[in-house]
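Number of protein chains: 2
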Amino acid sequence: MPVPYAKIVSGVPAMTPFVGPETIERRLGATFRLRLGANESSFGISPKAKAVLAAELDRVSWYCDPEHVDLRARLAADLGVGIDNLVVGEGIDGLLGLIVRAFTDPGEAIVTSAGAYPTFNYHVLGYGGRLEFVPYTQDCRNDLEALVEATRRSAAKLLYLANPDNPSGTFLGRAEVEAALDRLPEDCLFVLDEAYAEFAPPEELPPIDAADTRLIRLRTFSKAHGMAGLRLGYAIAAEDVIATFQKIRLHFGVGRLSQVAALASLDDPDFAANVVRQVAEGRADYEALARDHDLAFIPSLTNFVAIDLESAENSLRMVELLEERGVFVRRPGVAPLDRFVRVSVGTPEERAGFAEAFSDALGALRDG
Amino acid sequence: MPVPYAKIVSGVPAMTPFVGPETIERRLGATFRLRLGANESSFGISPKAKAVLAAELDRVSWYCDPEHVDLRARLAADLGVGIDNLVVGEGIDGLLGLIVRAFTDPGEAIVTSAGAYPTFNYHVLGYGGRLEFVPYTQDCRNDLEALVEATRRSAAKLLYLANPDNPSGTFLGRAEVEAALDRLPEDCLFVLDEAYAEFAPPEELPPIDAADTRLIRLRTFSKAHGMAGLRLGYAIAAEDVIATFQKIRLHFGVGRLSQVAALASLDDPDFAANVVRQVAEGRADYEALARDHDLAFIPSLTNFVAIDLESAENSLRMVELLEERGVFVRRPGVAPLDRFVRVSVGTPEERAGFAEAFSDALGALRDG
């Protein structure tokens with residue numbers, strides 16, 4: 280007797296949205312000495328957050344507040360929205376699953392850039408949606424005009440855009456994003472993944488209008504706040520949309536430590552601001568490294584830089600050569616981004632180590 | 280233009296599976312001095328786990344291993360199953376959502392006891408399933424014969440049973456559970472929630488046969504291991520079932536700290552064993568307290584005891600009287616369990632405080 284899976288789930292292909300560095304380490308039988316492939320922060324967490332976390336270990340036998348009221352109230356005050364415009368989830372990954380579930384009927388179209396965030400695609404397939412892909416432009420930007428056109432052509436329910444973008448690092452300014460929102464079909468929601476928002480110019484982020492039912496914005500504590508391992512993100516949306524998420528979300532998905540750490544990090548704004556400054560310095564180092572080797576790179580407003588290896592074959596080989604040197608980076612899988620390697624901004628020491636390994640690997644690559 | 284929600288989600292009623300103690304505290308405008316309503320452990324976490332957690336705070340900027348290989352390998356060795364028989368999730372709550380999603384097509388029946396775990400029901404409604412309820416027996420046991428009969432009558436895809444049971448505390452022995460499994464229709468899966476397994480006699484838990492495609496067993500680190508705030512549970516099932524969960528689960532839902540803490544707690548088996556002993560002593564204290572007041576109670580194999588207040592009106596009033604005295608307990612919502620209050624086993628000091636508050640409240644109740 281076959282196991283009686285749900286129809287949608289039976290049709291989902293086996294896929295892994297991200298192969299973690301731990302998986303690669305198990306394959307290699309070695310630990311990376313430079314972990315620069317997952318856009319984790321090399322600058323740790325706020326010392327205030329660390330102190331709060333250490334104290335909260337004494338209360339970790341208690342469940343968390345499933346309504347996340349303290350954190351949502353604080354975010355609401357900071358963002359100038361109501362507490363009912365906010366939902367907290369297990370990182371943006373968890374929230375993307377919630378969004379796809381809330382809006383997608385089986386077979387419906389969802390639009391995204393080809394080669395954009397694979398976990399979004401994973402959720403779309405997992406809930407039986409149909410992905411409509413739009414290529415990046417040749418200068419590695421999300422093609423907003425073509426994305427909007429694709430939502431019309433396919434009668435899509437959702438348009439996904441990461442801005443600043445991962446894996447390219449490119450950024451579309453406020454005017455472009457607002458124009459796209461205005462041209463979106465009425466019954467299509469704009470899912471704006473702003474995981475890297477802190478690294479962009481604040482005045483170029485569209486102002487938050489939480490009453491706008493066309494838009495869901497996503498933020499995270501994984502990047503500038505350095506809390507990737509704590510799994511906490513939030514969505515800003517209209518009250519009706521948030522109320523719908525409340526009907527179906529996992530109420531006890533985000534742990535107790537994550538909530539107190541996020542609150543403490545918000546109480547230490549200088550910490551994240553300093554991370555943003557250090558990351559900008561780090562991007563400049565990587566840009567200089569690329570120039571030194573006569574390689575192009577994509578100007579980035581994130582915590583990583585994509586360096587142009589000039590062909591997909593070269594970039595694939597570069598990942599292997601760096602692995603052999605104990606360095607973890609990623610290579611985007613889809614053209615035109617597949618000729619790049621994407622390296623996260625490390626500490627000055629990590630950047631120096633990367634520069635040495637990269638130069639050495641590039642020598643090996645060019646020697647054939 | 281109305282927001283274009285998915286059809287299933289549009290039909291989901293607004294519901295909150297659990298009102299957390301924090302929500303009650305906000306309503307009361309006061310903090311509970313005795314938090315004994317959520318079956319959290321009063322005995323903390325293993326000191327070894329605490330030390331590992333404190334050290335891991337330095338790596339919390341890193342994502343976790345999304346495959347949880349170290350933890351699954353350790354659990355596999357301990358349980359005598361393969362690593363591919365295990366999936367890790369955000370507590371049993373998260374895994375129940377995964378299970379319902381994997382097996383339920385809209386409108387299909389799912390069988391559970393009336394008044395059993397509300398979060399399971401929440402997920403069933405959230406994925407468009409139809410709940411078929413079977414009353415508890417008059418002695419507050421899950422009525423396995425009637426539950427199996429209900430799966431046949433309703434052509435159910437899943438049968439949910441918590442054993443030891445929450446909120447009653449009752450336990451069905453190995454022979455009864457195995458007989459029910461054998462009588463289940465071929466295309467119905469048995470979801471056996473063993474959150475409180477550590478508190479039951481080991482020889483009365485059915486041996487684990489991970490090749491059995493009819494059964495999914497759920498365990499947690501929230502109870503005996505004291506890690507409710509870290510949100511980590513696991514499911515044991517046949518490889519094909521686990522492979523299906525892998526296709527749709529949230530890969531980065533369980534945080535880095537949770538994984539290292541769980542591993543460390545498994546390395547300290549004396550800790551959990553000692554918790555189980557202390558909890559047994561605590562249950563005996565609550566039983567003595569009930570007897571002192573000529574009240575019945577349900578013999579329990581969990582970390583809580585349900586005390587019989589003799590009517591639903593009395594138990595409701597008792598919850599209020601205890602709230603007024605700064606004590607958080609719960610009252611099950613469905614007959615025959617609604618005449619009980621359920622109190623979690625605290626430390627000896629907490630039990631003494633509860634005995635005093637309960638006796639005082641009972642005096643007020645009996646005085647009318």
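Those protein sequence lines, which keep their order, are chains A and B.
Heads up: take any position in the first sequence, counting from 1, add 279, and you land on the numbering used here.
Heads up: take any position in the second sequence, counting from 1, add 279, and you land on the numbering used here.
Ideal Cβ positions, reconstructed from N, Cα and C, are used throughout, including at glycine.
Anything in chain B within Cβ reach of A/F469, meaning under 9 Å, just list it in chain order.
Near A/F469 there are no residues of chain B at all, since even the closest Cβ is about 12 Å away, more than 9 Å.
According to DSSP, simplified to helix, strand and coil, what is A/E228?
The displayed coordinates of chain A run from 280 to 647. Any statement about residue 228 of chain A would go beyond what the structure contains.
B/L354 to B/A522 span [Cα, whole Å]:
17 Å
Does any C-beta atom of chain B lie closer than 7 Å to the C-beta of A/K526?
yes
Is it the case that the stretch 404–413 of chain B contacts the stretch 371–390 of chain B, given that we only count it when at least three CB pairs across the two stretches are under 8 Å?
Cβ pair count under 8 Å is three or more, so yes.
Nearest by alpha-carbon distance to A/F478: which of A/S579, A/T492, A/F619 and A/D357 is it?
A/S579
Quick one: does B/D372 have its CB under 7 Å from some CB of chain A?
yes
Taking the straight line between their C-alpha atoms, what separation do you get for B/R338 and A/A507?
Going from the Cα of B/R338 to the Cα of A/A507 covers about 10 Å.
Helix, strand or coil at A/I389 [DSSP, three-state]
strand
For B/D344 and chain A, any beta-carbon pair shorter than 7 Å?
yes
In the structure shown, what three-state DSSP assignment does A/E635 receive?
helix
Suppose the cutoff is 7 Å on Cβ atoms and the five residues either side in sequence are ignored; what does the same chain contact list for A/L463 look like?
V427, T430, L438, F469 and R493
Is there a Cβ from chain B that is less than 7 Å from the Cβ of A/Y284?
yes
Hey, would you say A/I324 sits closer than 7 Å to A/A474, going by beta carbons?
no
Looking at A/V622 and A/F322, is the spacing between their C-beta atoms short of 7 Å?
no
According to DSSP, is A/G255 part of a helix, a strand, or is it coil?
An answer regarding residue 255 of chain A cannot be provided, because it is not within the stretch 280 to 647 covered by chain A.
Residues bridged to A/L600 [DSSP beta-bridge criterion]:
Paired residue(s): none; A/L600 is not in a bridge.
With 16 other CB atoms within 10 Å as the buried threshold, where does A/D472 fall?
buried
What is the C-beta distance between A/L377 and A/F524, in whole angstroms, given that I count them as a contact (C-beta under 8 Å)?
Contact between A/L377 and A/F524 holds, since their C-beta atoms are separated by about 6 Å, short of 8 Å.
Cutoff 7 Å; reference B/V331; Cβ partners in own chain excluding five residues on either side
V539, A540 and A543
Quick one, which of A/A388, A/E457 and A/A569 has its alpha-carbon nearest A/H402's?
A/A388
So is A/L231 in contact with chain B if we call contact Cβ pairs under 7 Å?
Chain A is shown from 280 up to 647; residue 231 of chain A falls before or after that span and cannot be answered.
Specify, as a first and last residue, the run of the alpha helix (DSSP H) that A/Y437 falls within.
In the sequence under discussion, the amino acid at residue 437 of chain A is Leu, which differs from the Tyr named in the question. Not the alpha helix (DSSP H): A/L437 falls in the beta strand (DSSP E), residues L437 to A441.
Between A/S320 and chain B, is there a C-beta pair that is closer than 7 Å?
Output row for A/S320: interface = yes.
Which residues in chain A have a C-beta closer than 7 Å to the C-beta of B/T523? List them in chain order.
Y284 and V288
Listed by chain order, chain A residues near B/G376 by CB distance under 8 Å:
L529
Give me the residue from A/I515, A/L601, A/A634 and A/N400 with the minimum Cα distance to A/P296.
A/N400
Using the three-state DSSP reduction, which class does B/I515 fall into: helix, strand or coil?
The answer is strand: DSSP assigns B/I515 an E or B state.
Please specify which runs of the beta strand (DSSP E), each continuous and at least 3 residues long, are wholly inside the stretch 482–533 of chain B, giving them in chain order.
494–499 and 512–515
Note down, in chain order, each residue of its chain lying with its Cβ closer than 7 Å to the Cβ of A/C419, except the 5 sequence neighbours on either side.
S447, T449, I577, P615 and L616
So what does A/L313 bridge to, in DSSP terms?
A/V606
Contact with chain A by B/G407, beta-carbon distance below 7 Å
no
By the 10 Å Cβ neighbour count, where 16 or more other Cβ atoms means buried, how is B/E589 classified, buried or exposed?
exposed
Pull up the distance between the alpha-carbon of B/K327 and that of B/P283, whole angstroms please.
Approximately 50 Å between the Cα atoms of the pair.
How is the alpha helix (DSSP H) around B/A585 delimited, first residue to last?
Note, B/A585: premise wrong, no alpha helix (DSSP H); beta strand (DSSP E) at F583 to D587.
What does the alpha-carbon distance come out to for the pair A/A634 and A/F311?
15 Å
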